[in-house]
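Numbered by this note's numbering, the letters in the sequence shown go through residues 20 to 382 in order. Here the structure is laid out as structure tokens; the discussion comes afterwards.
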Amino acid sequence: MKWQPSGSTLGDQIPAELPIFGFAHSADVIAELCLAGGVGIWGATRDTPEEIEAGLAGIVEAVGNRPFGVDLVLPANMPELDDRALIEAQIPEEHRAFVAQLRQKYDVPDDGQPGMRSRFVRSNEMARRQLDVVLRSKATVVALGVGSPQDAVEQLKSAGKVVVSLIGSPRHAQKALEAGADVLVAQGYDAGGHTGTIGTFSLVPQIVDMAGGVPVLAAGGVATGRHVASALMLGAAGVWTGTLWLGAVEHDLDPELQKMLLAAGVGDTVQSRADSGKTLRQLRSTWTDEWAADAAPSPLPMPLQDILIGDLLGSVDRNRVLDLMHTPAGQGVGYLTEIEHVQEIVGRLVRETEEALGRWSTK
Ligand SMILES: Cc1cc2nc3c(=O)[nH]c(=O)nc-3n(C[C@H](O)[C@H](O)[C@H](O)COP(=O)(O)O)c2cc1C
């Protein structure tokens with residue numbers, strides 16, 4: 020593994036050529052990233068167990084023996100059962116009325132189908148079924164976003180998986196270390212997706228210091244080789260990226276979302292609880308503005324918010340209701356200036372990292 024800090028066990032645990040980890044919901048991006056020498060991590064938290072099995076089989080076929088990973092989100096305090104009626108019964112009328120008003124205002128067709136967030140209820144039942152498939156899979160790495168339950172970590176380790184825990188604060192890092200995580204992702208406030216309140220530069224060295232030899236990957240705002248080089252200087256064993264891959268040709272994102280991403284600057288994202296009930300960094304949009312307005316109700320906790328808005332957002336995407344289309348993205352979106360192939364993005368990161376490291380070499 021290139022640029023591996025001395026003493027790091029990362030390369031032994033995950034034998035890739037580059038300590039560049041990339042999260043994406045696109046299996047094609049994951050496969051290409053692994054073939055380019057990085058470590059692709061497929062986001063499968065919204066997929067059914069059957070879809071996860073098929074998706075992972077496809078990745079194995081594409082990457083052969085190269086290491087790759089899969090990401091699940093296993094938050095605490097979720098309902099026991101995947102029972103939509105039980106959740107529906109807890110949604111206040113005020114919230115239903117607000118969403119109905121949005122549907123009308125933006126002319127969102129009611130096509131009777133669920134969306135990505137409402138096709139099943141995030142629940143302990145579904146988490147167990149997803150975990151079962153992942154345990155039996157050929158994935159080298161299993162990443163846990165938003166919480167690392169001890170029993171899940173133990174089962175994964177017994178099945179020979181390298182367990183990577185995403186954390187956003189020293190307190191969460193402590194819990195993940197106690198649960199037995201093999202690698203920590205110190206994910207700063209800048210990151211796309213669910214984020215905490217501590218910036219990447221403030222977080223990473225703290226976590227490296229407390230990790231006691233457990234490798235730490237830096238996440239949140241890593242978009243160029245200069246960021247990769249800085250992450251290494253902060254003591255990270257590598258980087259974990261997400262927003263970067265939204266600009267990959269292979270991601271096959273809706274052209275409207277690509278346009279929004281390319282136009283956005285570093286200040287054009289917000290944290291909003293309107294999608295999942297937890298703070299999620301995304302491009303600022305009409306959707307986030309509507310939920311931030313004085314008249315809007317406060318978003319509900321997960322998984323109630325998923326079910327409240329899931330069908331609406333499914334229709335927004337299926338029917339391309341441009342006003343309400345939006346995407347998670349981190350502050351690093353300001354560095355996305357063109358749609359490139361994964362191979363080109365990796366090549367650029369490597370070149371830029373070496374240039375940046377070279378500027379400081381004392382030779
Ligand atoms: C579109 C998108 C979706 C994400 N979804 C998840 C997810 O399902 N699970 C997870 O652990 N992290 C998720 N993340 C966070 C990434 O794993 C990663 O930590 C983050 O993108 C790193 O910061 P960056 O966006 O600045 O590169 C997501 C990020 C993005 C951009």
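Glycine included, each C-beta is placed from N, C-alpha and C at the ideal position. For clarity, every value in this text was computed on a predicted model and none was experimentally measured.
1) Using a Cβ distance threshold of 8 Å, determine whether the region 118 to 126 contacts the region 326 to 335, with at least three qualifying pairs required.
2) Does the distance between the C-beta of residue 220 and the nearest non-hydrogen atom of ligand 1 fall short of 7 Å?
3) Shortest alpha-carbon distance to residue 279 belongs to which of 353, 97, 95 and 59?
4) Please report how far the alpha carbon of residue 65 lies from the alpha carbon of residue 44, in whole angstroms.
5) Go ahead and label residue 356 buried or exposed: buried means 16 or more other beta carbons lie within 10 angstroms of its beta carbon, across all protein chains shown.
6) Helix, strand or coil: which one does DSSP assign to residue 87?
7) So is the beta-carbon of residue 42 under 7 Å away from any non-hydrogen atom of ligand 1?
8) How many angstroms separate the CA atom of residue 195 from the CA atom of residue 69?
9) Can you tell me whether residue 132 is buried or exposed? The criterion is at least 16 other CB atoms within 10 Å of its CB, across all chains shown.
10) Of the choices 379, 276 and 295, whose alpha-carbon is the least far from that of residue 336?
11) Applying the criterion that 16 or more other CB atoms from any shown protein chain within 10 Å of the CB defines a buried residue, is residue 216 buried or exposed?
12) For residue 269, is the classification buried or exposed, using 16 other Cβ atoms within 10 angstroms of its Cβ as the cut-off for buried?
13) Rounded to whole angstroms, what's the CA-CA distance from residue 274 to residue 126? Just pull it up for me.
14) Name the two residues that bound the continuous alpha helix (DSSP H) containing residue 383.
15) In angstroms, rounded to a whole number, what distance separates the CA positions of residue 374 and residue 144?
16) Less than 8 Å separating the beta-carbons of residue 318 and residue 306?
17) When you compare the CB positions of residue 264 and residue 204, do they come within less than 8 Å of one another, or not?
18) Under DSSP, the beta strand (DSSP E) around residue 163 begins and ends at which residues?
Taking the coordinates as given:
1) yes
2) Locating residue 220 in the sequence shown gives position 201, counting from the first residue. No, ligand 1 has no heavy atom inside 7 Å of this Cβ.
3) In the sequence shown, the residue the question calls residue 279 occupies position 260. Of the listed residues, the one whose Cα sits closest to residue 279 is 353.
4) By one-based count along the sequence shown, residue 65 stands at place 46. By one-based count along the sequence shown, residue 44 stands at place 25. Each residue's Cα considered, the two are about 9 Å apart.
5) Counting from one through the sequence shown, the residue named residue 356 turns up at place 337. Exposed is the call here.
6) The residue labelled residue 87 in the question sits at position 68 within the sequence shown. It is coil, neither helix nor strand.
7) Translated into the one-based positions of the sequence shown, residue 42 becomes position 23. Yes, Cβ of residue 42 sits closer than 7 Å to a heavy atom of ligand 1.
8) For the purposes of this step, residue 195 is taken as residue 176 along the sequence shown, with counting starting at 1. For the purposes of this step, residue 69 is taken as residue 50 along the sequence shown, with counting starting at 1. Distance between the alpha carbons of residue 195 and residue 69: 28 Å.
9) What you label residue 132 is simply residue 113 of the sequence shown in a count that begins at 1. The residue in question, residue 132, is exposed, as its Cβ has fewer than 16 Cβ neighbours within 10 Å.
10) Counting from one through the sequence shown, the residue named residue 336 turns up at place 317. The residue with the shortest Cα to Cα distance from residue 336 is 276.
11) Sequence index remark: in the sequence shown, residue 216 carries index 197 (1-based). Residue 216 comes out exposed.
12) For the purposes of this step, residue 269 is identified with residue 250 of the sequence shown, where counting begins at 1. So residue 269 counts as buried.
13) Sequence index remark: in the sequence shown, residue 274 carries index 255 (1-based). Sequence index remark: in the sequence shown, residue 126 carries index 107 (1-based). Their Cα atoms are separated by approximately 21 Å.
14) Not covered by the structure: residue 383. The range shown for the chain is 20 to 382.
15) Residue numbering aside, residue 374 sits at position 355 when the sequence shown is read from its first letter. Residue numbering aside, residue 144 sits at position 125 when the sequence shown is read from its first letter. Those two C-alpha atoms are separated by around 49 Å.
16) For the purposes of this step, residue 318 is taken as the residue at position 299 of the sequence shown. For the purposes of this step, residue 306 is taken as the residue at position 287 of the sequence shown. Contact flag unset, no.
17) Along the sequence shown, read from residue 1 onward, the residue named residue 264 stands at position 245. Along the sequence shown, read from residue 1 onward, the residue named residue 204 stands at position 185. Going by C-beta atoms, residue 264 is not nearer than 8 Å to residue 204.
18) Reading the sequence shown from its first residue, position 144 is the one you call residue 163. Note, residue 163: beta strand (DSSP E), 160 to 164.
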